[in-house]
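Per numbering that gives the first Met the number 0, the very first residue in the sequence shown carries number 0; after that it's consecutive.
Heads up, the beta-carbon is just placed ideally off N, CA and C, and yes, glycines get one too.
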Amino acid sequence: MNKIHTSIRCMLLLLLCTPFIAPTAKKDIQKTVSKSAKKTTIDLLVHNGTLITMNKQREMLNHGAVAITNGRIVDVGIIAEKYRAKQTIDAKNAIIMPGLINGHTHAPMVLLRGIADDLATKDWLKYYIFPIEAKQVNKDFVYWGTQLACLEMIQGGTTTFVDMYYFEDTIAQAASDIGMRIIAGQTTMDNSTPDSKTAENSLALAVSLAKKWKNSELVSPAIAPHAPYTVSGATLQKANQISKEYNIPFIIHLSETKAEKDTGATYLESLGVLSNQVIAAHVVHPTASDITALQRHGVGVIHCPLSNMKLSSGISPVTRMLKEGVLIGLGTDGAASNNSLDMFGEMKTASLLQKVAGVPTDLSALQVLEMATINGARAIHKEHEIGSIEKGKRADILLVNIDAIHQVPVYNVISQLVYATKSSDVQTVIVNGKILMHDRIFAKSISEKAIRKHVKKIQQHIQKTVSKKTASTSIR
Ligand SMILES: [Zn+2]
0 MNKIHTSIRC
10 MLLLLLCTPF
20 IAPTAKKDIQ
30 KTVSKSAKKT
40 TIDLLVHNGT
50 LITMNKQREM
60 LNHGAVAITN
70 GRIVDVGIIA
80 EKYRAKQTID
90 AKNAIIMPGL
100 INGHTHAPMV
110 LLRGIADDLA
120 TKDWLKYYIF
130 PIEAKQVNKD
140 FVYWGTQLAC
150 LEMIQGGTTT
160 FVDMYYFEDT
170 IAQAASDIGM
180 RIIAGQTTMD
190 NSTPDSKTAE
200 NSLALAVSLA
210 KKWKNSELVS
220 PAIAPHAPYT
230 VSGATLQKAN
240 QISKEYNIPF
250 IIHLSETKAE
260 KDTGATYLES
270 LGVLSNQVIA
280 AHVVHPTASD
290 ITALQRHGVG
300 VIHCPLSNMK
310 LSSGISPVTR
320 MLKEGVLIGL
330 GTDGAASNNS
340 LDMFGEMKTA
350 SLLQKVAGVP
360 TDLSALQVLE
370 MATINGARAI
380 HKEHEIGSIE
390 KGKRADILLV
400 NIDAIHQVPV
410 YNVISQLVYA
420 TKSSDVQTVI
430 VNGKILMHDR
440 IFAKSISEKA
450 IRKHVKKIQQ
460 HIQKTVSKKT
470 ASTSIR
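1. Using 8 Å as the cut-off, can you tell me whether the stretch 451 to 466 makes contact with the stretch 136 to 143, which would need three or more C-beta pairs spanning the two stretches below that distance?
2. Determine the contact status of I182 and D162, defining contact as a CB-CB distance below 8 Å.
3. For D162, is the beta carbon positioned less than 7 Å from some heavy atom of ligand 1?
4. In angstroms with no decimal places, state the Cα-to-Cα distance between N61 and E259.
5. Around ligand 1, what residues have a beta-carbon under 6 Å from a heavy atom of it, in chain order?
6. Work out the CA separation of A264 and A209 for me, nearest whole Å.
7. Comparing C-alpha positions only, which one of T229, K213 and S242 sits nearest to S191?
8. Near G232, which residues of its chain fall below 7 Å by C-beta distance, leaving aside the five closest residues on each side in sequence?
9. Grouping DSSP H, G and I as helix and E and B as strand, with all else coil, what is N101?
10. At 3 residues or longer, what runs of the beta strand (DSSP E) sit wholly inside the stretch 382 to 438?
11. Taking buried to mean at least 16 other C-beta atoms within 10 Å of its own C-beta, is P359 buried or exposed?
12. Please state if the CB of I77 and the CB of I41 are separated by a distance shorter than 8 Å.
13. Work out the CA separation of T420 and Q406 for me, nearest whole Å.
14. For a test of the three-state rule: what should DSSP assign to Q489, helix, strand or coil?
15. Smallest Cα separation from L202: which of K237, W123 and T87?
16. Does the separation of the CB atoms of M53 and P97 fall below 8 Å?
17. Which runs of the alpha helix (DSSP H) at least 4 residues long sit entirely within the stretch 117 to 182? Give them in chain order.
18. What is the rounded straight-line gap between the Cα of G113 and the Cα of T87?
19. Would you list the one or two residues that DSSP bridges to M96?
20. Along the chain, where does the alpha helix (DSSP H) that runs through S207 open and close?
21. Pull up the DSSP beta-bridge partners for G184, would you.
Here it is as structure tokens:
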């Protein structure tokens, strides 16, 4: 970085005085050939944008550039002249920022979007989701559902998602085929699930997932016991052993509803399964001792405000947990309880919801952006690889236009991103150094048409079955 870098506050003032947002222009990818033999050759150069690094100092940079080679960031700053790039993206009129991290999803559930709304969590699961899943969920369902979810997430600027579902190996494959980064959590329950008759079987699936994907650049395998109310203490302990043995995350739904107040972090601690490998989704109703336990063990909490609102779960004490040093990221949850995978919408909602529950200064725009980027990376225990634009990290990067009518004028670029920007303002998405979308057009390797065709077929099949009789009490 050189002299232009400064703190966010200083930079915001600088940006006020700088005509950095000009009318929208296509940011062409150019094949570049430099005349200088001294320049270092790299794969991709993104330059000439307002760079939000989210590094430790939260530095921002006008006319910043990012140099990328072999999927990693090799340089950041006013560095464009130093490199000869095979491809160059001019980020004029755009923000260059870290890819967003969706910390909690059930990706294939996009296929159940809108199938059962306006219900309490317990009834929604017992009478709708679990019975429908028992009949519908198979490898075909999760593969095409995940690919559809990936398209939606890419369009909304998500580059990494933390998933937990059934047939997770197929989900990992679907995400990997598209080119997205995923923590893929194999779900475990004591009862029969779509991919396992017993808990033992699903634990074995998690072990084979861990072995198969351990060296993947895009897929991080994980084990995902569903929740303390569907998984016994003994099974939770077995899952913990697998997490330790294979050094993989342990993902779980925790304290989502009031009814779960006795099975929160303190309960997990008593079982000996709390650790800095745990990623706990929701945590809406933690007790004081739960919060202390979450902080003490370095557990990552994933706040899912829209899902919590839709299912009337309540308002998570995010402001209090942040003050007490709990690591907190942001997630959408599955599209059956959201009903989208839109992290820009989630950021705005997260901030507003804390203000509704507290005071207007709670959960600032910057804090929310941190939750969706660098602090989200900390919450999923991947901050050494992703979450900020820094030398050595994986090249997961977005270009976001902030020149649409709903964004003009710009006084504060962070405020603009959180409170005014829509996911449709995301222009270009790079994951692991590969361009997955440019100027809102998917890479040639991605066939939206084929995905839509398969999804249509699955939807028609579900429609037939569900119209006969949705409700069932056969599960749980
Ligand atoms: Zn969930």
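Looking at the coordinates:
1. The stretch 451 to 466 makes contact with the stretch 136 to 143: 3 or more CB pairs, one atom from each, lie closer than 8 Å.
2. Yes, these two residues count as a Cβ contact at 8 Å.
3. Because no heavy atom of ligand 1 lies under 7 Å away, the Cβ of D162 does not count as near it: no.
4. About 48 Å.
5. Listed along the chain, these residues meet the criterion: H103, H105, H252, A280, D332 and G333.
6. Rounded to the nearest angstrom, the two C-alpha atoms are 25 Å apart.
7. When each option's Cα is compared against that of S191, the closest is T229.
8. L270, listed in sequence order.
9. N101: strand per DSSP, three-state reduction.
10. Counting only runs that start and end inside the stretch 382 to 438, the beta strand (DSSP E) elements of at least 3 residues fall at 396 to 400, 425 to 430 and 433 to 437.
11. Classification for P359: exposed.
12. Taking 8 Å as the Cβ cut-off, I41 and I77 do not qualify as a contacting pair.
13. In this structure, the CA atom of Q406 is about 7 Å from the CA atom of T420.
14. The structure shown does not extend to residue 489, since the chain is modelled only from 0 through 475, so no value can be given for it.
15. Comparing Cα positions, the closest option is K237.
16. Cβ atoms of M53 and P97: closer than 8 Å.
17. Runs found: 129 to 135, 138 to 154 and 167 to 177.
18. Near 41 Å, if we compare the C-alpha coordinates of T87 and G113.
19. L397, per the DSSP bridge assignment.
20. Element bounds for S207: A198 to W212.
21. For G184, the pairing in a beta bridge is given by DSSP as M163 and A221.
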